[in-house]
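Report on one structure; see the data block that follows.
In the numbering used here, the protein residues as written are 14 to 83.
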């Protein structure tokens with residue numbers, strides 16, 4: 014205990030290399046997904062603008078591109 018106020022210093026051991034690698038990969042995956050989400054939202058907004066706001070005419074292909082149908 015440090016001083017008399019009841020405050021404790023906490024020490025964590027260093028993480029192993031594998032744990033650091035997993036955390037890094039998760040952060041990278043999160044960034045990639047966030048960029049992809051933003052890209053798709055922009056495509057959907059563009060399609061809605063082109064088709065007059067009718068979202069039923071917007072379709073996503075297997076490749077991830079958004080297209081106007083009908």
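Think of the CB as a built atom: it goes at the ideal place given N, C-alpha and C, for glycine as much as any other residue.
- One Cα belongs to residue 41, the other to residue 64, and the distance between them is close to 35 Å.
- Closest option to residue 57, judged by alpha-carbon separation, among 45, 44 and 74: 74.
- The continuous stretches of alpha helix (DSSP H) do not include residue 64, and DSSP gives it neither H nor E.
- One Cα belongs to residue 39, the other to residue 48, and the distance between them is close to 14 Å.
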